[in-house]
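Structure first, then comments.
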Amino acid sequence: MLNYTPILSASRWPTTLLAAALLALAHPAAQAQDVYFSQPFANRQALNPAFAGLLDDYSGTLSFRNQYPTLAGTFVTTQLAADLRVPAPGLHHALGLLVSQDRTGEAGYTRFEAAAQYAYHTRLTKALA
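Counting the sequence shown from 1 gives a position; the numbering used here is that position plus 1.
Structural data, given as structure tokens:
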């Protein structure tokens with residue numbers, strides 16, 4: 002017979018739900034507008050932060066998009082990504098930086114965001130799977 006221990010006891014459910022609700026409401030604004038490039042795989046860090054340090058050397062990517070340049074309200078987006086693997090023997094850490102600026106012409110909407118990224122790389126073996 003299996004000895005089953007619940008992860009959360011019945012007395013902790015209200016506290017857990019309250020903490021989850023407060024955490025969800027703590028975010029100041031919903032950021033649902035992601036930048037879309039015609040070549041999304043050119044900047045792998047924008048797709049997944051785990052791609053930081055994928056190469057043995059450092060790398061950088063600069064992306065530029067000028068959508069509808071002949072119209073008055075053009076969308077201009079610039080994105081810079083840089084990453085490196087920590088060069089210490091035995092360490093599997095990588096660091097990355099992703100900086101993005103998005104501007105619209107007539108509306109005057111400008112968004113600037115910067116994100117620090119961290120990745121840990123390890124090999125999966127049959128013992129870990």
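Glycine included, each C-beta is placed from N, C-alpha and C at the ideal position. Since the structure is predicted, the reported quantities are computational estimates derived from the model, not experimental observations.
What's the C-alpha gap between Trp14 and Leu23?
Locating residue 14 in the sequence shown gives position 13, where the first residue counts as 1. Locating residue 23 in the sequence shown gives position 22, where the first residue counts as 1. Cα to Cα, the separation comes out at about 14 Å.
Determine the burial state of Gly91: buried for a count of at least 16 other Cβ atoms within 10 Å of its Cβ, exposed for fewer.
Your numbering for residue 91 matches position 90 in the sequence shown. The residue is exposed, with fewer than 16 neighbouring Cβ atoms inside 10 Å.
Can you tell me whether Arg86 is buried or exposed, with buried defined as 16 or more other CB within 10 angstroms of its CB?
Within the sequence shown, residue 86 is the residue found at index 85, counting from 1. Buried is the call here.
Counting Cβ pairs, one atom from each stretch, are 3 or more of them under 8 Å apart for the region 64-81 and the region 95-111?
Flag = yes, the region 64-81 and the region 95-111 touch.
Let's see if you can read the secondary structure: which residues bound the beta strand (DSSP E) around Arg86?
What you label residue 86 is simply residue 85 of the sequence shown in a count that begins at 1. From DSSP, the beta strand (DSSP E) with Arg86 extends over Phe76 to Arg86.
Taking the alpha carbon of Gly61 as the point to measure from, which residue in Thr123, Ala47, Asn67 and Gln68 has its own alpha carbon closest?
Along the sequence shown, read from residue 1 onward, the residue named residue 61 stands at position 60. The shortest Cα separation from Gly61 among Thr123, Ala47, Asn67 and Gln68 belongs to Ala47.
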